[in-house]
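So the sequence lines, in the order shown, correspond to chains A and B. Per my numbering, the very first residue in the first sequence carries number 13; after that it's consecutive. Per my numbering, the very first residue in the second sequence carries number 13; after that it's consecutive. Presented below is the structure to which this report refers.
Protein chains: 2
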Amino acid sequence: MKRERLEEVAEILDKRGKMTLEQLEEAFPDVSQMTLRRDLSQLEEDGRVIRIRGGAMSVKEVQKVSGEAYTKKTTVNMDAKIVIAQKAATLIDEGTSIFIDGGTTAMYLSKEMPDIKCNIFTNGIAVAMELAQKKNVDITVVGGQLMKDNLSTSSPAAKEYFNNTNFEIAIVSALAFTPEHGFSCNSQTESDLLKQVFRKARHVYMMLDSSKIGKINPYTFAQLEDIDVLITDDVFPREYKALFEQNDIVVM
Amino acid sequence: MKRERLEEVAEILDKRGKMTLEQLEEAFPDVSQMTLRRDLSQLEEDGRVIRIRGGAMSVKEVQKVSGEAYTKKTTVNMDAKIVIAQKAATLIDEGTSIFIDGGTTAMYLSKEMPDIKCNIFTNGIAVAMELAQKKNVDITVVGGQLMKDNLSTSSPAAKEYFNNTNFEIAIVSALAFTPEHGFSCNSQTESDLLKQVFRKARHVYMMLDSSKIGKINPYTFAQLEDIDVLITDDVFPREYKALFEQNDIVVM
DNA sequence: GCTCCTTTGTTATTATTTAACATTAATTTA
DNA sequence: TAAATTAATGTTAAATAATAACAAAGGAGC
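Shown next, in the form of structure tokens:
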């Protein structure tokens, strides 16, 4: 109930750019002003909205106003990534030990995830910061050199460390996929780390939005047979879907 | 006169990200609040600033906020910490290898720091995210369990890792200090980590705002003789200053 | 010097936000 | 399932901030 409303408020603000509290009250006649205020506070904490006197403004709008092209990866295929992340979030059970990577999809996943008792290992510091808001989640961050483009860390030492760690699930995404080259990324040490994670994980879930298909990145970290479940969006090509299913991969 | 001030207001806002009117008044003691308000109105029309209740925010900051998970923890003694951080930032030279801790003062330090070639090791993920914006800085994040209150990580494995790492400078802060109990924090593993860092650092700089004095936290990680330079604010008690200087510590 | 115009300061008014508490709904636990 | 706990919402009063309106001060041009 609250969750949905929050989402709606964010959406209408993204659409209209800027609204006064009065306008928001008109749009949501069933809740009090105070509740809307509280919603805005929360959206502000999530970085989706800026509160201004008398109302609020969507961050998207601010970016437009400032005239700067916002070239971050966070916007590429963002809607698909959110849907994928929401789906993945439903697969997380209480008490499990999970590895999550540091990609943008993982970032959305950590936002959507329920606040349940579980152990999460991640190499994404943005993911870690997001998860830090959930009080039941225990977080362990992989150490190592930070890559500035995707805010993820990796190191040979971390790979060693994971020798004696086990995961129920590893939820990762790739920067690129082709049937011949498998799933690939752009960092050697990250690739090594992920290979090690897969060795220790009981199930591997791959989040792959369709924009990644047909692309190749330098370091392959997984082939079709390494993964168990594929979570993707609805424009995922049919022939690829068949290919995955032939390899006993559940496609969602 | 007006033009210059407008420019200055815009600059300081770009730098500090967000300021209350009160802070602006401190920064511009010669003009009235109303004038500053009018300045903000104008900057808002120019699209350089977003006015929020109680102050304003630079558009640049808004863009950052939208990318990051924004954990707002408006700090106690924030002004003192900023001054301390600014001072500490001047002590960083090109090409050095530096350890920075994960405290809030360190967070401000990473904002104020120049974008020069250097290697920074940190156990603070908020610090790491901030530094990620500087393209010349090479960042290594300490791995381990994340403490949600201060967004810092630590682990015995990280301590091992630092056995073969050297630092020119370690810049840290403490949660508490008394002459008898030394510098203390609230985490055993973090304390262990810092002790190890001090062993490998040529110089240790301690950032300590005066609100920390006379307090005690459970884990002592350093005594007076372990540190070389103390960076503090101007309400630091005189008798403590003498005490530090007796121990060959430079007080700034 | 004066006059017009811009900038700044002061105060009173208005509007918005926060805080505090009461109430209801939802979740957990026994 | 009911009781207990926690989270969400609503209501009101109090605090806070923003605006408006006007007065005063500073400058530029004559």
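Ideal placement from N, C-alpha and C gives every residue a C-beta, glycine not left out.
Return helix, strand or coil for residue i, following the three-state DSSP convention.
i	result
B/Lys253	helix
B/Ser166	strand
A/Arg65	coil
B/Leu220	coil
A/Phe210	helix
A/Ala188	strand
A/Glu80	Because A/Glu80 sits at a pLDDT of 39, beneath the cut-off of 50, its placement in the model cannot be relied upon, and the following sentence gives the value as read from the coordinates. DSSP places A/Glu80 in coil when its eight states are reduced to three.
B/Asn176	helix
A/Asp150	strand
B/Met125	coil
A/Val21	helix
A/Ala234	strand
A/Val139	helix
A/Gln45	helix
B/Ile94	helix
B/Leu103	coil
B/Ala182	strand
B/Gln4	Here chain B has residues from 13 to 264 only, and residue 4 of chain B is not among them.
B/Thr134	strand
B/Lys27	helix
A/Ser199	coil
A/Thr32	strand
Compute the beta-carbon to beta-carbon distance between residue i and residue j, rounded to the nearest angstrom, for a pair I have assumed lies under 8 Å.
i	j	result
A/Thr201	A/Phe133	Actually they do not touch by this definition, with Cβ atoms about 16 Å apart.
A/Ile239	A/Ile261	6 Å
A/Ala140	A/Val153	5 Å
A/Ala100	A/Met219	6 Å
A/Ala213	A/Ala182	4 Å
B/Ala138	B/Leu163	5 Å
A/Leu205	A/Ala170	6 Å
B/Gly194	B/Leu255	Not confirmed; about 12 Å, so no contact.
Using 8 Å as the limit for Cβ to Cβ distance, is residue i near chain A?
i	result
B/Lys129	no
B/Leu255	no
B/Lys160	yes
B/Thr32	no
B/Met141	yes
B/Gly107	no
B/Thr165	yes
B/Tyr6	Nothing about residue 6 of chain B can be reported from this structure: the residues present for chain B run from 13 to 264 only.
B/Arg63	yes
B/Ile151	yes
B/Val154	yes
What residue from the options has the CA that sits closest to residue i's CA?
i	options	result
A/Glu180	A/Lys123, A/Leu103, A/Lys171, A/Leu121	A/Leu103
B/Leu55	B/Lys27, B/Glu23, B/Asn198, B/Thr32	B/Glu23
A/Ile151	A/Leu33, A/Phe248, A/Ser109	A/Ser109
B/Met125	B/Ala138, B/Glu20, B/Glu142, B/Gly114	B/Glu142
B/Gln157	B/Asp221, B/Pro168, B/Asn148, B/Lys147	B/Pro168
A/Thr32	A/Arg65, A/Tyr173, A/Ala213	A/Arg65
B/Arg50	B/Arg17, B/His215, B/Lys160, B/Met264	B/Arg17
B/Asn148	B/Leu121, B/Met119, B/Glu106	B/Glu106
A/Ser203	A/Ser223, A/Phe174, A/Ser166, A/Ile112	A/Ser166
B/Tyr217	B/Asp113, B/Lys253, B/Met159	B/Asp113
B/Val43	B/Glu257, B/Val21, B/Ile94	B/Val21
A/Asn259	A/Pro191, A/Ser122, A/Arg60	A/Pro191
A/Asp127	A/Phe111, A/Lys146, A/Gly115	A/Lys146
A/Phe248	A/Ile228, A/Lys227, A/Ser223	A/Ser223
Report yes or no: is there a C-beta of chain B within less than 8 Å of the C-beta of residue i?
i	result
A/Gln45	no
A/Ile137	yes
A/Ala169	yes
A/Ala182	no
A/Ala144	yes
A/Gln157	yes
Looking only at its own chain, which residues have a Cβ that is under 6 Å from the Cβ of residue i, when we skip the five neighbours before and after it?
i	result
A/Arg63	Leu52, Glu56
B/Asn131	Ser109, Asp150
A/Met264	Lys99, Ile243
B/His215	Ile181, Asp240
Short of 7 Å in beta carbon distance, which residues of its chain neighbour residue i, apart from the five on each side in sequence? Order them along the chain.
i	result
B/Ile96	Thr117, Met219, Asp221, Ile243, Thr244, Asp245
A/Phe174	Gln208, Val209, Lys212
B/Arg39	For the sequence presented, residue 39 of chain B should be read as Ala rather than Arg. For B/Ala39, where only same-chain residues beyond five positions count, the Cβ hits under 7 Å are Ile24.
Tell me which residues share the same chain as residue i and place their Cβ nearer than 8 Å to its Cβ, disregarding the 5 neighbours each side in the sequence.
i	result
A/Tyr231	Ser196, Cys197, Asn198, Ser199, Gln200, Glu202, Ser203
A/Glu37	Gln45, Leu48
A/Ile94	Tyr120, Glu124
Relative to the ligand FAD, is the shortest distance from any of its heavy atoms to the C-beta of residue i smaller than 7 Å?
i	result
B/Glu106	The ligand FAD is absent from the structure shown, which contains no ligands of any kind.
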